[in-house]
Structure formats: C-alpha cells, structure tokens
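Chains V and S supply the protein sequences, listed in that same order.
If you want my numbering, it's the 1-based position in the first sequence plus 1301.
If you want my numbering, it's the 1-based position in the second sequence plus 1301.
Using N, Cα and C, we set each Cβ at its ideal position, and we do this for glycine too.
If you're wondering where the values come from, they're calculated on a predicted model, not measured in any experiment.
To start, the structure under review is shown below, and the notes come after it.
Number of protein chains: 2
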Amino acid sequence: MHNLAIIDIGSNSMKMVLAEVKKGHSFTIIDELKETVRLGEGMSIEKKLKQDRMDKAIQTLRMFKDLCDATDTEEIITVATAAVREATNRQQFLQRVKREIGLDVKVLSGIDEGYYDYWGVANSIDKEDGLIMDIGGGSIELIWMKDRKVKESTSLSFGALDITQNFDLYDSINEEQEKELEDFLHDAYQEVPWLSEMDHTALLGVGGTIKNIARIDQRKKDYPLNILHNYKMSNEAINDVYQLVKSKDLEERKNISGLSTKRADIFIGASAAVKTLIDFCDIKKLILSRKGIREGLIYHHLCRSDQPVKDVVNFSIKNIMNNFNLNQDHAYHIYKLSKSLYDQLKDLYELKPSEFNGDIDKIILVAAMMHDIGNHVNYYDHHEHSFYMLLNSGINGLSHRELLLSSYIAASHRHTKYSLHKYNLNRASLQKIINKNGPDKEAIRKTGILLEIAESLDRSMNGIVEAVQCSITDEQVNIKTIAREETELEINDALETAEGFEKLYGKKLNIY
Amino acid sequence: MHNLAIIDIGSNSMKMVLAEVKKGHSFTIIDELKETVRLGEGMSIEKKLKQDRMDKAIQTLRMFKDLCDATDTEEIITVATAAVREATNRQQFLQRVKREIGLDVKVLSGIDEGYYDYWGVANSIDKEDGLIMDIGGGSIELIWMKDRKVKESTSLSFGALDITQNFDLYDSINEEQEKELEDFLHDAYQEVPWLSEMDHTALLGVGGTIKNIARIDQRKKDYPLNILHNYKMSNEAINDVYQLVKSKDLEERKNISGLSTKRADIFIGASAAVKTLIDFCDIKKLILSRKGIREGLIYHHLCRSDQPVKDVVNFSIKNIMNNFNLNQDHAYHIYKLSKSLYDQLKDLYELKPSEFNGDIDKIILVAAMMHDIGNHVNYYDHHEHSFYMLLNSGINGLSHRELLLSSYIAASHRHTKYSLHKYNLNRASLQKIINKNGPDKEAIRKTGILLEIAESLDRSMNGIVEAVQCSITDEQVNIKTIAREETELEINDALETAEGFEKLYGKKLNIY
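Quick look at the structure:
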C-alpha cells in the first residue's frame, strides 16, 4: 500500500488527486486539491505564460507538494496540458517548477490528453462505443471510442478560456455573439472529418464543464441521488441548461444552483461548445463520466497494459472489495447460491428481463458481492449500512437505476420485511428512477429474500452448502441443499424466511 | 491485527462475537452469531442440563468454531453463565465441549458476570454512577457503579427463563399471576440491602430484554435514529411498554413491532423484572448500553488493567480513528484551531452553554476529530458521508442529541450553505431530538463554518497555520494566523466562507 499523486497543470485550474494504491490495480482517491489558477489566461495572442500566473502556479504546486510530504506520497506524476504545451516560454516555467518545487512535468499533447480521458472513461463506464468529450481551458478533446478502442481522436486547439476571451463572454452573450460563436464552433467541428462518420452514439462527457451542466440539471429536477458518475441526460435537458445559462449575466449565473461560482464567468462559452456538438452530431444522450484524465493516468500507470479492462463491473467490484478488505470467497459463494436460486425460481417472477430497464444479472451480482459492505460502518444493522455504502461507494459500470436496485437488494439480506420503507431518500423524486411497485418491487423483494436464504446457508462462511437444487410444485418450493456436513442449523436459520417467502412467492418454502 | 472471538454460552441463547483487534486497545465487531438454544430450559427442578439441549449447544458451538476457522480466528474466549454454572451435570457438558469442539470453557460466577457487564458499560457510557442491570435467562445481575467503580454487586439466581417457567407465563399473564410475580420480585429486590441505599440514580440497562424494551419504545415513537446504545427512556415509557406487553397473548406479542419473535414467550416475565426494579428503586431514567458482558470481556482482555478507561469519549474517538486509519495529527490540529476559534468567538453566539441540553465542548471535539470519516465511503462529497458515518459509527459517550449535533457540524465542514436540509432523516420526529432552529441551528451553523475555516487553514495537512488570534469589532471579526510560512492560498481558501460567515455572525470576516 502506498500513495500516488497526480498533478494536473491545466489552463484553467490546477488539480491534484491523491490515491491510495493497494494490491492488484486497486486504488481509492483519498484527497483532492484544486485551485483556479488560470495559467492560460491572457496568453492568447503572445502565447506566453504571464508572470503573475506562473507565480500563482508555483505557489499552488508548493501547496500540493506540502500535502504530498504530509501524507508520505513519494510517487508523483505531474502533467501539463494546453497552456504549457503552447507557451513559447514553456521552458522557463518547467525549469522553475523543477528548481523551486523539485517536480518533473510531463507536457501532454492534445492526443495524449484524449488518450488518458479514454482510459478514465473506458475503465469506469460500461459502454462499448461513444464520443468522449473533454472541455479544458485551452483545448477540447474529442475521442471516438468504438468497441472499447480509440477509433479516432482529435484535439481542438481552443478551450473554454479561449472561447470566453475571444468572444468576450465573461459577462453575458447577445444574439450577434451567439450567432458568431455557433458558426465558429460549427466550423471547428466540421473540420473533424470523422465526426460525421459516427453512427448515432452517446456523448461520454468528462471534465468540469459537463459536470456542472449535470449538476445544474440534477438541482433543477430535485434529483434524489447525489451521484454524478454515470448520470444520464437527454439532448433536450442539455439544451435547457444552455438556455438557462445564456439568459443570465455573470452575477445572475453565480446564483444558478449547481454551477460553481469560480466557473460562472467561462460557462457560457464552455456550455455552448457542448450544446453545439450535440446538435452537430445529432446526439440524443449524454452520459457523464466523473473519471477523466487524472483517473485515466492512474489506471494507465497501474495496469501497465495497452488496453483498458474488459469487464468494468467486475473490475470495479474487485477494486472496492480490496479497498474495504471484504471476504471475497464468502461473497462469491453467496453470489453463486443466490444466482442459482434466482435462475431456478425466476419463472415465479412476473418480471420479464427483456422488458426490464436494467440488467438483472448485473444487479444480482453487485448486490450479492457487496451485501456485507455495510460492516464498514458498523456491524450492527450492517444490511442497512450496505444500502448507503453501496449506493455511495463509487462502483462503476451500473446505471443509477441498476445501482439503486442493487442497493435495495443488498439491504434486504436481513429482515426483508422492514427494508423498503426505511431508506429515507426523497421518495417522490425517487420514483423517477425506480418504481417501488410492480417489477421493481418484485425484483428487490423476491431477490432480497433469496440473498437472505443464501446468507443463512453460509452462516459460518465455510461454504458448507455447496449448491442448491430447486423444485417447484403448485403448493411449494423445495430447496435441496448439497452439503458436505450436517447443516441443520443453517437450514433452520434459512427457514426463518419461510413466512416472508410465502407472502412473496405465494408458495410454501421447504429446505432440506 | 488479529481476530478475537468471545463465545457466550447463556441459559437462553448462545452468542459469538468476532472482533478485529488493532493496535492500542482498538477493536471492531465484525461478525456475530446467535442461536436461541435454551440450554437452561427444563432444568429448574433437577438442576440437570437436558440431553437434547446439550446436543443443540454442541451443534451450535461447532458452527461457531467453523466461523472461527473460516476467519482465521485463533484466539477464542469461551464463557458459560447460569445454566452451566448451576447444572449438576456441568462436568459432562464441559468435557463434551472440550472433546468434540476443542474449546475450554470458563464458567463465570454471577459476580463475574456482573463485573464484565460493568466493564462493558463503564467503557462505553459516559456516566459516573448508575445501577447496571443485566437480565439473563438464568440469573439477573445488579451492579451499583459509583464514581466509575463497582460499589456493590449482586447476582440473583433466577432469570427470564426461570420466571417464565415458574409462573407459567409463556402465553399470557392474569391478575393473580401478576400479583404473585410482583411480590416475588419485590421480595427478591428487598433481599439486596444496598438497593435501598442508592441515591436516585439512572438504570444502565444491558442485554436482550432491555434492548427489546427500547426497540419497542423506538418503534412506537417513530424514533428517527436506528441507534440503541445510549438510548434514554423514562420510567413512564418503560411502564407503557410493560402494559402493552402484558395485555397480549403469545401470538399477539409476536406482532409487537420491535420485539424479537424468539423472545416473545419469555418477555412478560423479563420485562416485569425491569418494571418492578424501577418502581422498587424509584428510578426515573433508563440508559441502554448495547455493550455488555461480551464487550466487557473484550475490553478487559485487551486493556490488561484493573480499571476501565477514564475518558470514554476520547477512548472511543481513538478506537474509531485507529479502525478507520484516520489521520490523527491533522484531525487534532483541526480540532485545536476550531476549538480556539469557538472559544474566542463564542460571545457572538446566542447559545448559553449552561442552558444548552448537551456538552458543546464534547460536540465540537467529536465533530472536529471525525470530520473526515466520510472519506471511507467516498472521497467525493465526503463531508456528507461524514454525517452518516459519524452518526452510525458506534462512537461512545455521547447522548443521541450530542451525536446528532456533532454529525451535522462534521457535515458542515464544506459548503455549509447546503448542509441543513440535505440529510434525509425523518424530519418531523427528528425535532424530538434537535431543533433545527434557535440555539441548535446556531450551534451547527456557526460552529460548522469555524470547522470549514480551520480545514481551509490546514489544506495541505502540514500544520502550517499554528494558531489563530481573533479580535472582534462592531463591524468585523479579524482572524490573525500565526504561521511559519507563506499562507496566502490557505487564507484565500478560508475567505471563501466570508459571505456565509457574515450571514451567520452579522460581521465581516477578515483573515490575515
């Protein structure tokens, strides 16, 4: 176990993330510092980093380095993007960083930036294809991911700062400016030939601008979850945010709920770049990836491979289980038993997986593997804490709906009867994600009780019950346990679910 | 780090708790198994453990041992209480346990039981004095704790099982039975001479019966927190639960929300013992301790001292910080800075500590030391996770009200303006514990922003700002930082609270 720092010297802001690295390729973000240094400000014409911006950058790097020292972080990867890349006085700045702070900076090309964005996204979003977009202060990265590989990649040599400076959008935008800006962006996208070759695909958005767009949308809708990664937005919703943003001057924008006040001045230009791209490519859906260039650098550094992982969900489960030191053998055994019970009993569900919005197998996998994660809060009532922990653990590769269903099922692995009304989420708005009636309620409750049975059958965590064979009659469900030893206590414990089981499945439960 | 198991062979149930032991005397409960074996059942007259009960106990111990093996738990402390202690065929049972399971059992006297109960309570409840009561299946322990020492201790040689058997209370109770039972209990308490010597003191309740009484009360009241340890009840509330319980037959009792169905049959007798003691001693208040004999055994085993800890809150903070591997130096520095700010600015609070229900210094200590505990869920939005984690972490020595206030303050260490309406607790019933207006709101918000300032001043966690000196004018609060280096970035970061500070304190904030 050791710490790894990624320092990202951007044109708009400078960031450092601190990660704790564990065995395998597991890591957790443990700290983050951000300073809006605006290193790229005022360099548009001369292409020189300004003295006061460099001073502030050095001062910020010193603070970052102090945090590294305070946390015994010796492995530090420092990268710089557009502002430094394009500055004619780049060497002067890099030498100061080396001399005064002792850091070696790797200057990334635009294509490098896009490549690490892709690593961040492909390892954390369970999608085969998509258009990745990252709007920086000094450049915009566009990457076409096809079959989880980079098919095309282009870096545009302007970013949110340039747009704002060149079109003078700090305060507000008028119709004429808007027309000019749209033409400019349209032309820029036109020059990327592969953009028009793409099929209708999803936009996979990375970086602060798109995060702010998503947060504004969540606040407007009173979205019940405070989770950004994997948040989905329609093109209409993005347009609504853009209309809101451009109708306000700077002071008014600072009061938009969800918009960072430090980003308010460059936000008209930044969000116009998103809105115009969506129109240009006729994109219907945006998925936000909270993992971008910095996480991409970490994944790339740790994996030492030329390909992102194949299975995002399993990779993430393993990562989290390592981080929380969870008993993987027991969890996997519970998964095997519950999945086997589900497969044998799913004809008793009204749920039709083909009509169900979400991947029920993935949902069961995550719920079963993570059912004990709540232990990390407190052993007592840990099934309830599992709900909170799983929902907020940052597991990758699930839609919010799938994640919420998994969390409810994990929480139901004990005392199923209390589970559904207990979690004090905003109920009215929660209905937008899952419907606690019909197939969703059935998926949670019927599967939750199977998890509870599986857990009882492995009470002593030694895999004593190796498999289960179910037979279904008109009256009854019979579960035969295949075990290598006496299992009376396990079976009696599992049979405590019988009353609940009968209510849910309409059949008596027999385990032997 | 290693595991420690405590196996408790009781007269009613058998339990095993598994604890993970860390450096210092820190431990966390990581698993628990319970089986209602009723080893003491049917032995009242012959004083012999029955064959079928012994068989079930052996089978249960095998399951416990399997879990120890599966979790590499080599250190196992096995104790037995009243049923084994009083059985004439004790040796036969102990030899079987040794031969078939390989465990050495320590048979505790009633006074031993009380002593470990006292260790569990004194290390986890921040009280100087109280009457500790533990109702077991085969005995009742009464311990008078005075100045955190055992002043008197008595073990009554009957428990909930005996009462239920002897007065035939499995199903229901009639008036005649009730009168007889009350007389019997009254006489038994009368024979404990020191009970009438006590001043009016609190009952510190331990064990399953009192836990169930508390849970019934919580459900009746729609209590917003799902926390039992340190839950307070009045004598009226206990009487209400008793009236409810004794008005119902067994089948009806099984439907009482909060009452374990496995305990329903012995619950009239068990709760009568509590109710009668409270009347007998004229006790006005019960405080539940979820830590009893098993935790007492763990504390006693780990501390290797003849005295429980002096400072329950600090001991618990240290325990939790060790368990979660929190940065204690940084946390302590944040505490020092926030406490210093509070001490210098408290005249600007309307809050009068003397009239405030709770210990404001303790509240600030816990909030500051634990402010980053939410990192363990997810770095992102960790201030919000700190609310959940702190509330549910099982920290000892705070009333629920103090704990809730601490959690709100910890959650306010970033973005204070969103904090108060975000935590989706049941708001109506929450008002019973804290009032999010008046002094409580002030305590949360004004202190929360001080914690936010302290956190900014130690952004790089290196203690760069060593102290703060405040001066207050009509218009302004000036905070002078005593630092060993340049702190422009820290001060600028702290000044981002200025707008919020002015709203709360009615004065401009100046930091230099």
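For the segment 1679-1700 of chain V, residues whose beta-carbon sits nearer than 8 Å to a beta-carbon of chain S comprise N1679, Y1680, Y1681, D1682, E1685, H1686, Y1689, M1690, N1693, S1694 and G1695. Excluding five sequence positions before and after K1592(S), the CB atoms of its chain that fall closer than 6 Å to its own CB belong to G1421 and S1425, given in chain order. Of Q1519(S), E1553(S), I1377(S) and C1771(S), the smallest CA-CA separation from D1644(S) is found for C1771(S).
Residues of chain S whose Cβ lies closer than 7 Å to the Cβ of A1371(V) are, in chain order, S1761, M1762 and N1763.
When DSSP reads this structure, Q1777(V) sits in a beta bridge with K1809(V). Counting only Cβ-Cβ distances below 7 Å, M1364(S) has contacts in chain V at R1760, S1761 and L1790, in chain order. In this structure G1460(S) is not in contact with N1513(S), their Cβ atoms being roughly 15 Å apart against a cut-off of 8 Å. Comparing alpha carbon positions, the residue from N1467(V), W1445(V), L1340(V) and S1456(V) closest to E1498(V) is W1445(V). Here S1590(V) is not near G1659(V), since their CB atoms are 8 Å or more apart.
Using a Cβ-Cβ cut-off of 7 Å, E1498(V) is close to nothing in chain S; its nearest Cβ partner there is about 36 Å away.
Contact of L1334(V) with chain S is assigned, a C-beta pair being separated by under 8 Å. For G1431(S), the enclosing beta strand (DSSP E) begins and ends at G1431 to I1436. Rounded to whole angstroms, the gap between the alpha carbons of P1494(V) and C1582(V) is 12 Å. Taking 8 Å as the threshold, the shortest C-beta distance from D1367(V) to chain S falls below it.
For secondary structure counted as the beta strand (DSSP E) over 3 or more consecutive residues, the segment 1336-1420 of chain S holds these complete runs in sequence order: 1376-1381 and 1406-1408. Taken through DSSP and simplified to helix, strand or coil, Q1519(S) comes out as helix. In this structure, I1433(V) is the residue among L1457(V), I1433(V), I1359(V) and H1677(V) with its C-alpha nearest to the C-alpha of K1447(V). Neighbours of I1377(S) in chain V, taken as residues at a C-beta separation under 9 Å, are lacking, since the least C-beta distance is about 14 Å. In the structure shown, the three-state DSSP call for T1788(V) is coil.
With the rule of 3 Cβ pairs closer than 8 Å, the segment 1516-1524 of chain S does not count as touching the segment 1681-1700 of chain S. Of the candidates T1798(S), D1682(S) and E1703(S), the residue whose Cα lies closest to the Cα of L1526(V) is D1682(S). The continuous alpha helix (DSSP H) containing K1576(V) extends over residues F1568 to C1582. Within the segment 1456-1513 of chain V, the complete alpha helix (DSSP H) segments of 4 residues or longer fall at 1461-1467 and 1476-1491, listed in chain order. Shown here, I1735(S) sits in coil according to DSSP, grouped into three states, outside any helix or strand. A direct Cα-Cα distance of roughly 46 Å separates F1568(V) from P1654(S). Under the three-state reduction of DSSP output, I1745(S) falls in the helix class. For the segment 1343-1363 of chain S, the beta-carbon criterion of a distance under 9 Å to any beta-carbon of chain V is satisfied by K1357, Q1360, T1361 and R1363.
Under the Cβ distance rule, H1326(V) does not count among the residues neighbouring chain S, no pair being separated by less than 8 Å. Non-local C-beta neighbours of A1565(V) in its own chain, meaning closer than 8 Å and more than five positions away in sequence, comprise L1551, R1554, K1555 and I1557, ordered along the chain. For the segment 1593-1611 of chain V, no residue has a beta-carbon sitting nearer than 9 Å to a beta-carbon of chain S. By the neighbour-count definition (other C-beta atoms within 10 Å, threshold 16), I1412(S) is an exposed residue. Contact annotation: in the segment 1518-1534 of chain S, residues whose CB is within less than 7 Å of a CB in chain V are N1527. The Cβ atoms of L1404(V) and I1377(V) sit closer than 8 Å to each other. Legend: CB atoms of the segment 1733-1757 of chain S lying less than 9 Å from CB atoms of chain V are not found in any residue.
In the three-state scheme derived from DSSP, where H, G and I count as helix and E and B as strand, H1601(V) is classed as helix.
At a beta-carbon threshold of 7 Å, the residues of chain V lying near N1676(S) are I1331, ordered along the chain.
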